[in-house]
Amino acid sequence: MDLWTFADILSLKNNKYVNGGGSIVGALYHIDNMYKSGVRIIILMPQFDYGDGALNRARLERADELCRTAQEDYPGLTVCVGSRIKYYSGFAKTVGADGARSIAGSRYIVVEFEKDASFTFMLKGVKECFDAGFRPLIENPLFYDEVDLDILEGLVENGAYTVWDKAVFEGRLHRSARKQMDVLFEKKLVHFVSDGAGGAEVTDYDAAAANAAAMYGDDAARGIFYQNYVEIINDGINIIPS
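Counting from 2, one number per residue, gives the positions in the sequence shown under the working numbering.
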């Protein structure tokens, strides 16, 4: 397999600098680790919670500063910003105003729910996104208590995309886990892979991508580790359903 280039999300949910403390150096450390691991597209993801008021805008301002600094320091690196938005009814009106932002100004947004959110509540959020012209990304969707494969299929059918932790491809899958992953790929429910560690340590994307390629083919692996991210930041519509 040829040399891969990767893309990833860097969560800033618990980042000290973005949340108003510490220095930018610590945040750049995470970016440095990702860059050394072959990542050439990074989506910086500050948290948006409607209950946090002016803090939401301050987080975006610091994320923007981090974005500018990283672009200057790392040749060939594309960095952009998009909010991780905690869902509430009517939230789509917030995107583009009041401290919430889609990814690089595109139609794509990352939406977060409470762990015990009902399928009805999550489906309402997905439909609200779609009706407002946005396409929601849901990270690790099987984390949610009520989401099983059938419900996940329903969310995707209504316009959602899924982001999976890179760890699922880092080692030999147990038979039951492999069977579940096979079903996910068969039903085209895998769209993006992200490093759940958030870039905190030097990570090996190559091994995970090689495992994914061995199981599901180069095209599928390249889509979920890189090409689908390119579509996001270019506001494209050709997300490869793997």
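Glycine included, each C-beta is placed from N, C-alpha and C at the ideal position.
Item                                                                                                      : Value
Beta-bridge pairing of residue 137 - partner residues as DSSP gives them                                  : 110
Residue 234, enclosing alpha helix (DSSP H) - first and last residue                                      : 229-234
Which listed residue (66, 52 and 70) has its alpha carbon closest to that of residue 95                   : 52
Distance between beta carbons of residue 209 and residue 171, contact taken as under 8 angstroms          : 5 angstroms
Residue(s) in a DSSP beta bridge with residue 8                                                           : 42
In DSSP terms, what residue 48 is bridged to                                                              : 85
Neighbour-count burial assignment, residue 163, 16 or more Cβ in a 10 Å radius                            : buried
Status (buried if at least 16 other CB within 10 Å, exposed otherwise) for residue 8                      : buried
Supposed close pair residue 111, residue 83 - CB separation, criterion 8 angstroms                        : 6 angstroms
Continuous beta strand (DSSP E) stretch holding residue 166: start and end                                : 162-166
Beta carbon of residue 85 nearer than 8 angstroms to that of residue 115                                  : no
Given 8 angstroms, three or more beta-carbon pairs between the stretch 72-80 and the stretch 128-136      : no
CA-to-CA distance, residue 70 to residue 235, given in whole angstroms                                    : 21 angstroms
Alpha carbon of residue 109 to alpha carbon of residue 151, nearest angstrom                              : 23 angstroms
C-alpha distance - residue 61 paired with residue 23, whole-angstrom precision                            : 16 angstroms
Cutoff 7 angstroms; reference residue 17; Cβ partners in own chain excluding five residues on either side : 23 and 27
Counterpart residues of residue 101 in DSSP-defined beta bridges                                          : 96
Proximity to residue 216 [Cα-Cα], best of 184, 231 and 204                                                : 184
Residue 161 burial status per 10 Å Cβ neighbour count (16 or more: buried)                                : buried
Three-state secondary structure assigned by DSSP to residue 194                                           : strand
Host alpha helix (DSSP H) of residue 126 (start-end)                                                      : 120-132
Alpha carbon of residue 238 to alpha carbon of residue 231, nearest angstrom                              : 10 angstroms
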